[in-house]
Amino acid sequence: MRTRDYCSHPSIRLHWVQTCMSKCLDKVELWFQQDGATCHTARATIDLLKDTFGDRLISRFGPVNWPPRSCDLTPLDYFLWGYVKSLVYADKPQTLHHLEDNIRRVIGDIRPQMLEKVIENWKSKLDYIRVSHGSPMPEIIFKM
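Numbering follows the numbering used here, in which position 83 of the sequence shown is assigned residue number 83; successive positions increment by one, without gaps.
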(Lines of atoms letter the chains of each structure in order from A; the text may use other names.)
(Lines give C-alpha, C1' and ligand atoms only; values in the text may rest on other atoms or scores of the structure.)
Protein backbone atom coordinates (compact mmCIF):
# COMPACT_ATOMS: atom_id res chain seq x y z
CA MET A 1 0.00 0.00 0.00
CA ARG A 2 1.39 3.38 -0.96
CA THR A 3 1.35 6.24 1.55
CA ARG A 4 -0.60 8.29 -0.98
CA ASP A 5 -3.42 5.70 -0.92
CA TYR A 6 -3.45 5.72 2.86
CA CYS A 7 -3.66 9.52 2.97
CA SER A 8 -6.09 9.87 0.07
CA HIS A 9 -8.61 7.53 1.61
CA PRO A 10 -9.18 8.32 5.29
CA SER A 11 -11.67 5.48 5.48
CA ILE A 12 -8.79 2.99 5.02
CA ARG A 13 -7.01 4.42 8.04
CA LEU A 14 -10.17 4.67 10.12
CA HIS A 15 -11.15 1.10 9.24
CA TRP A 16 -7.83 -0.14 10.60
CA VAL A 17 -8.20 1.94 13.79
CA GLN A 18 -11.78 0.78 14.35
CA THR A 19 -10.82 -2.86 13.78
CA CYS A 20 -8.04 -2.63 16.37
CA MET A 21 -10.30 -0.81 18.80
CA SER A 22 -13.11 -3.33 18.56
CA LYS A 23 -10.70 -6.19 19.22
CA CYS A 24 -8.45 -4.69 21.86
CA LEU A 25 -9.80 -1.70 23.65
CA ASP A 26 -12.78 -0.22 25.45
CA LYS A 27 -13.89 2.60 23.14
CA VAL A 28 -15.25 4.61 26.06
CA GLU A 29 -11.75 5.15 27.48
CA LEU A 30 -9.77 5.36 24.25
CA TRP A 31 -8.24 8.64 23.09
CA PHE A 32 -6.89 9.04 19.57
CA GLN A 33 -3.80 11.21 19.05
CA GLN A 34 -2.19 12.23 15.78
CA ASP A 35 0.10 14.97 14.54
CA GLY A 36 -0.79 17.72 12.12
CA ALA A 37 0.28 16.02 8.88
CA THR A 38 -1.90 17.19 6.01
CA CYS A 39 -3.34 13.75 5.25
CA HIS A 40 -4.25 13.35 8.93
CA THR A 41 -6.10 16.65 9.10
CA ALA A 42 -8.13 16.63 5.89
CA ARG A 43 -11.74 17.52 6.65
CA ALA A 44 -12.97 14.02 5.75
CA THR A 45 -10.42 12.43 8.09
CA ILE A 46 -11.19 14.76 11.01
CA ASP A 47 -14.95 14.27 10.53
CA LEU A 48 -14.56 10.48 10.59
CA LEU A 49 -12.33 10.62 13.67
CA LYS A 50 -14.71 13.01 15.49
CA ASP A 51 -17.61 10.66 14.74
CA THR A 52 -15.62 7.78 16.21
CA PHE A 53 -13.82 9.42 19.15
CA GLY A 54 -15.94 12.50 19.91
CA ASP A 55 -14.08 14.80 22.30
CA ARG A 56 -11.31 12.22 22.77
CA LEU A 57 -9.40 13.29 19.65
CA ILE A 58 -6.05 15.08 19.95
CA SER A 59 -5.27 16.50 16.53
CA ARG A 60 -4.81 19.69 14.61
CA PHE A 61 -8.40 20.81 13.90
CA GLY A 62 -9.68 18.34 16.49
CA PRO A 63 -11.48 19.01 19.80
CA VAL A 64 -8.11 18.93 21.61
CA ASN A 65 -5.52 20.67 19.47
CA TRP A 66 -2.16 19.04 18.78
CA PRO A 67 0.42 21.49 20.15
CA PRO A 68 2.44 22.93 17.26
CA ARG A 69 6.18 22.15 17.35
CA SER A 70 5.64 19.92 20.38
CA CYS A 71 8.46 17.60 21.23
CA ASP A 72 7.85 13.91 21.03
CA LEU A 73 7.22 13.11 24.65
CA THR A 74 5.10 10.04 24.28
CA PRO A 75 6.64 6.63 23.71
CA LEU A 76 4.31 6.27 20.73
CA ASP A 77 6.03 9.21 19.04
CA TYR A 78 9.66 8.78 19.93
CA PHE A 79 9.77 5.01 19.76
CA LEU A 80 6.82 2.92 18.65
CA TRP A 81 5.81 4.49 15.33
CA GLY A 82 9.35 4.63 13.96
CA TYR A 83 10.24 1.16 15.20
CA VAL A 84 7.06 -0.44 13.89
CA LYS A 85 7.17 1.42 10.57
CA SER A 86 10.74 0.34 9.86
CA LEU A 87 9.81 -3.32 10.29
CA VAL A 88 6.30 -3.22 8.82
CA TYR A 89 7.48 -1.73 5.53
CA ALA A 90 10.68 -3.81 5.28
CA ASP A 91 9.07 -6.22 2.79
CA LYS A 92 7.10 -3.47 0.98
CA PRO A 93 3.51 -4.67 1.57
CA GLN A 94 1.34 -4.25 -1.53
CA THR A 95 -2.11 -4.89 -0.04
CA LEU A 96 -4.02 -3.70 3.00
CA HIS A 97 -4.20 -7.30 4.25
CA HIS A 98 -0.41 -7.72 3.98
CA LEU A 99 0.11 -4.39 5.77
CA GLU A 100 -2.28 -5.37 8.57
CA ASP A 101 -0.56 -8.76 8.96
CA ASN A 102 2.82 -7.06 9.21
CA ILE A 103 1.53 -4.62 11.83
CA ARG A 104 0.07 -7.42 13.94
CA ARG A 105 3.29 -9.46 13.67
CA VAL A 106 5.60 -6.57 14.56
CA ILE A 107 3.45 -5.42 17.50
CA GLY A 108 3.13 -9.02 18.70
CA ASP A 109 6.90 -9.47 18.63
CA ILE A 110 7.59 -6.54 20.98
CA ARG A 111 8.86 -8.06 24.23
CA PRO A 112 8.21 -6.79 27.77
CA GLN A 113 11.92 -6.06 28.26
CA MET A 114 11.87 -3.65 25.33
CA LEU A 115 8.81 -1.88 26.73
CA GLU A 116 10.52 -1.58 30.12
CA LYS A 117 13.47 0.18 28.45
CA VAL A 118 11.10 2.48 26.57
CA ILE A 119 9.39 3.45 29.83
CA GLU A 120 12.77 4.05 31.52
CA ASN A 121 13.74 6.36 28.64
CA TRP A 122 10.39 8.13 28.85
CA LYS A 123 10.87 8.75 32.57
CA SER A 124 14.32 10.19 31.82
CA LYS A 125 12.77 12.63 29.35
CA LEU A 126 10.11 13.66 31.86
CA ASP A 127 12.72 14.10 34.60
CA TYR A 128 14.80 16.33 32.33
CA ILE A 129 11.78 18.47 31.47
CA ARG A 130 10.81 18.75 35.14
CA VAL A 131 14.32 19.78 36.24
CA SER A 132 14.80 22.22 33.34
CA HIS A 133 11.33 23.74 33.82
CA GLY A 134 10.38 22.86 30.26
CA SER A 135 13.36 24.40 28.48
CA PRO A 136 14.28 22.95 25.06
CA MET A 137 15.66 19.45 25.27
CA PRO A 138 19.10 18.78 23.82
CA GLU A 139 19.60 15.70 21.74
CA ILE A 140 19.25 12.80 24.14
CA ILE A 141 20.34 9.34 23.13
CA PHE A 142 18.17 6.58 24.49
CA LYS A 143 19.41 3.06 24.97
CA MET A 144 17.47 0.04 23.86
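Ideal Cβ positions, reconstructed from N, Cα and C, are used throughout, including at glycine.
Being a predicted model, the structure only gives us computed values, none of them experimental.
Reducing DSSP to helix, strand and coil, say where residue i ends up.
| i | result |
| --- | --- |
| Gln34 | coil |
| Asp109 | coil |
| His15 | helix |
| Asp91 | coil |
| Asp101 | helix |
| Asp5 | Confidence is the limiting factor: at Asp5 the pLDDT is only 46, short of 50, which leaves the residue's position unreliable and the question unanswerable from this model. |
DSSP has residue i in a bridge; who is on the other side?
| i | result |
| --- | --- |
| Ile58 | Gln33, Val64 |
Over the uninterrupted alpha helix (DSSP H) stretch that includes residue i, give me the two end residues.
| i | result |
| --- | --- |
| Gln113 | 112-131 |
| Phe79 | Element bounds for Phe79: n/a, residue is neither H nor E. |
| Asp47 | 43-53 |
Of the residues the options, which one's Cα is nearest the Cα of residue i?
| i | options | result |
| --- | --- | --- |
| Asn102 | Pro112, Gln113, Tyr89 | Tyr89 |
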